[in-house]
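Using the numbering used here, read the sequence shown as starting at 1249 and increasing by one per residue. Glycine residues also receive a C-beta, built at the ideal position from the N, C-alpha and C atoms. Just so it is clear, the structure is predicted and the values come from calculations on it, not from any experiment. Let me begin by presenting the structure, written as structure tokens, before commenting on it.
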Amino acid sequence: MNIVSKFVIPVLAAFLMAAMPLASHAAPEDDQYDVPYVPTPMKTVARMLEMAKVKPSDILYDLGSGDGRIVISAVRDFGAQRASGIDINPIRIRESNENARKAGVTDKIKFFEANIFEYDFSEATVLSMYLLTEVNLKLRPRILQILKPGTRIVSHDFDMGEWEPDEAATMDGFRHVYLWIVPAQIDGTWEVTAGSTKYPIVLEQFFQRVSGNVQLGGQTHPFRTGRLDGVNVIFEARAQDGTRDVPAIYRANAVGPGALEGMIEIGGKKIPFKARRTGPSPSIK
Ligand SMILES: C[S@@+](CC[C@H](N)C(=O)[O-])C[C@H]1O[C@@H](n2cnc3c(N)ncnc32)[C@H](O)[C@@H]1O
């Protein structure tokens, strides 16, 4: 199945459901690019920007920005501070500049004729995409490397493989919108300091999922649950409170590379803690 037909199947579904000539937008000359041009319906644009919670401090980048509709809507309808679109096709860039002019938002918007695999979008606080899963997967390592933890990514229809979305919605029964939040990098061995007690913990990370253990009092306590939401990490282990075995819930912020600060909640008590990364995770060979 070629790229155009992969796009045309969901688009054909849209066509049948909404009786709109969307499939006709995938122009034959688009075959030369990684993804053909198919615009996101404005209702879906609104859903994507709502899901990303776009606000006045945000800087949005749309990768493969088409006629500029997501970029323009981010500024005009959601009050984003600035927004940029990157598209490889000069026809799309011309259309986008014209559309931004008509919308009266040229002061806060820029369109770049460039390849998304080469362009630096690291200043984004929100990233939007209507690409293909295989293109998302090719972008994924760079997204995780260059974007700040907490950056929101929204995608129309195409997912990120085993990086599970933090939120997903289906519109009109067939159109999907996904949200991911870039997680901080916390994988490794750490030393916790809580009051006068110091002890090691292991944090193992699979995107936003966290597992690991706490090594305390000669015992290893594996986490029951663990999750990252940008820079916020939460995990639950067990601890001894006198003779009782009680939950120990750790809530912390990744305050810098190799530094966590937060609270441990044990048996109704809250104990502040700090942790410092001491090495790689033991599972990394
Ligand atoms: C499906 S359209 C999405 C348009 C817009 N984001 C929207 O949702 O309405 C994909 C766009 O990506 C552009 N594109 C394809 N490959 C690209 C690449 N390597 N770098 C930049 N843009 C690319 C195409 O020209 C097309 O406009």
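Bounding residues of the alpha helix (DSSP H) (the contiguous stretch that carries Arg1342): Position 94 of the sequence shown, counted from the start, is the residue given in the question as residue 1342. First-last of the alpha helix (DSSP H) with Arg1342: Pro1338 to Ala1351.
Inter-residue CB distance, Arg1400 and Val1374 (contact presumed, cutoff 8 Å): Here residue 1400 is taken as the residue at index 152 of the sequence shown, counted from 1. Here residue 1374 is taken as the residue at index 126 of the sequence shown, counted from 1. With 8 Å as the limit, Arg1400 and Val1374 qualify as a contact, their Cβ atoms being about 5 Å apart.
Whole-Å CB distance - Ser1529 paired with Asp1420, under 8 Å assumed: Counting from one through the sequence shown, the residue named residue 1529 turns up at place 281. Counting from one through the sequence shown, the residue named residue 1420 turns up at place 172. At roughly 43 Å, the Cβ-Cβ gap does not stay under 8 Å, so Ser1529 and Asp1420 are not in contact.
Sequence-distant residues of its chain with Cβ nearer than 8 Å to Asn1461 (five each side left out): The residue labelled residue 1461 in the question sits at position 213 within the sequence shown. The answer, listed in chain order, is Ile1449, Val1450, Thr1468, His1469, Pro1470, Phe1471 and Ala1485.
Local Cβ density within 10 Å of Ser1344, reported as buried at 16 or more and exposed below that: In the sequence shown, residue 1344 corresponds to position 96, counting from 1. Buried, because 16 or more other Cβ atoms sit within 10 Å of the Cβ of Ser1344.
Stretch pair the segment 1370-1389 + the segment 1403-1419: three plus CB contacts closer than 8 Å: yes
Other residues of its chain near Thr1526: CB distance less than 7 Å, five sequence neighbours each side excluded: Counted from its first residue, the sequence shown places residue 1526 at position 278. Result list for Thr1526: Thr1437, Trp1438 and Glu1439, in chain order.
Minimum C-alpha distance to Gly1312 - residue among Phe1359, Gly1398 and Arg1295: In the sequence shown, counting from the first residue as 1, residue 1312 sits at position 64. Answer by Cα proximity: Phe1359.
Ile1320, enclosing alpha helix (DSSP H) - first and last residue: Here the question's residue 1320 lines up with position 72 in the sequence shown. Where Ile1320 is concerned, the enclosing alpha helix (DSSP H) stretches over Arg1317 to Arg1324.
Length at least 3, wholly inside the segment 1403-1428: the beta strand (DSSP E) runs in chain order: 1415-1419
Where the beta strand (DSSP E) containing Lys1396 begins and where it ends: Taking the sequence shown and counting its residues from 1, one reaches residue 1396 at position 148. Here Lys1396 belongs to no beta strand (DSSP E), and DSSP marks it neither H nor E.
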